[in-house]
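**Q** Mind looking over this structure? Questions follow.
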Amino acid sequence: MRSLVVALVAMLFLIGSPSSMAMIAQDDATPEGDREETEATNPVDPEFGDTVTYFGKNGDPVGTIVVTGITRNWEDYGEFEEPDPGVEHIAFTIEVESLTARGAIDLDPFRFTLQAPSGFFYNTAYAQGAEDVEPPVLRERVSLAGGETLETQVIFEVLEGEELAHLFWMPEGAFLTVAQLEGE
């Protein structure tokens, strides 16, 4: 009988301990996330034409990016840039606007990554494009001052017919999904 009383007292002590009360208080104090506000800021799976905002470390918008088009089997490459057999070039047309009040956004072709549904990541290709290709291919890093906009193409080399999942942009201090590509 004595062991039963000790067990009941121990159980009451554990259930009513200050640490369990603190956990309940913490759960009550944790605010629910405002999903609508988050989705209004940046879409979770942005489609072509959706604006994705790049925020600085202080939370202010630094710039926006929009994927406006995709060209599979892109053929506007330069004379010596023909893809190998079984491989194709894919061009993404993007528009980037700098919203920064000070400094500039650095737009670097090697800060873009293409993901396949298998999880494989493709880096940008070294294709420079023909001289007169429009919009021009992003060949090297470009700095956009506040208020400047650039329409350009980013080129990838992938296996012919490869399904696509996401296009990512990795500006300084961020990793942004700029286009959900399933079905493209």
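The sequence shown begins at -12 in my numbering and counts up by one. We put the beta carbon where it would ideally sit given N, CA and C, even for glycine. Small disclaimer: the values here were computed from a predicted structure and weren't measured.
For V165, tell me which candidate among T51, K44 and G43 has the shortest Cα-Cα distance.
**A** T51
**Q** For T40, collect the residues of the same chain with a Cβ closer than 7 Å to its Cβ; drop the 5 residues on either side in sequence, then sort them by chain order.
**A** T28, N29, P48 and T51
**Q** To which residues of the same chain is R59 closer than 6 Å at the C-beta, ignoring the five residues directly before and after it?
**A** I77
**Q** With a CB to CB cut of under 6 Å and the five nearest residues on each side skipped, what residues in its chain are close to G73?
**A** E147
**Q** What's the gap between the Cα of A117 and the Cα of F155?
**A** The straight-line gap from Cα to Cα measures roughly 25 Å.
**Q** Put P122 into one of helix, strand or coil per three-state DSSP.
**A** coil
**Q** Flag this pair as yes or no: are the beta carbons of L94 and F143 separated by less than 8 Å?
**A** No, they are not a contact pair.
**Q** Using alpha carbons as the reference points, say which of I57, G90 and S105 lies closest to G36.
**A** Nearest in C-alpha terms to G36, of all of I57, G90 and S105, is I57.
**Q** Going along the chain, which unbroken runs of the beta strand (DSSP E) with 3 or more residues stay wholly within the region 19 to 103?
**A** 38 to 42, 48 to 59, 74 to 85, 91 to 94 and 99 to 102
**Q** Name the residue from T87, G133, M157 and S(-10) whose alpha carbon lies nearest to the alpha carbon of N110.
**A** N110 has its Cα closest to that of M157, out of T87, G133, M157 and S(-10).
**Q** Leaving out five residues before and five after S85 in sequence, what residues of the same chain have Cβ atoms less than 8 Å from its Cβ?
**A** V49, G50, A91, I92, L131, A132, G133, G134, E135 and T136
**Q** DSSP state of S(-10), grouped into three classes?
**A** helix
**Q** Considering only C-alpha positions, which residue in the set E121, E62 and V83 is nearest to T38?
**A** Proximity to T38 across E121, E62 and V83 peaks at V83, based on C-alpha coordinates.
**Q** On the three-state DSSP scale, how would you describe Q115?
**A** coil
**Q** Check this for me: beta carbons of I81 and V124, under 8 Å apart or not?
**A** It is not a contact, given that the beta carbons lie outside the stated cut-off.
**Q** Across which residues does DSSP place L172 in a beta bridge pair?
**A** Within the shown structure, residues of the chain are numbered from -12 to 171, placing residue 172 beyond reach of any answer.
**Q** Assuming E168 is part of the beta strand (DSSP E), what are its boundary residues?
**A** The sequence given here places Leu at residue 168; Glu does not occur at that position. Note, L168: premise wrong, no beta strand (DSSP E); not H, not E.
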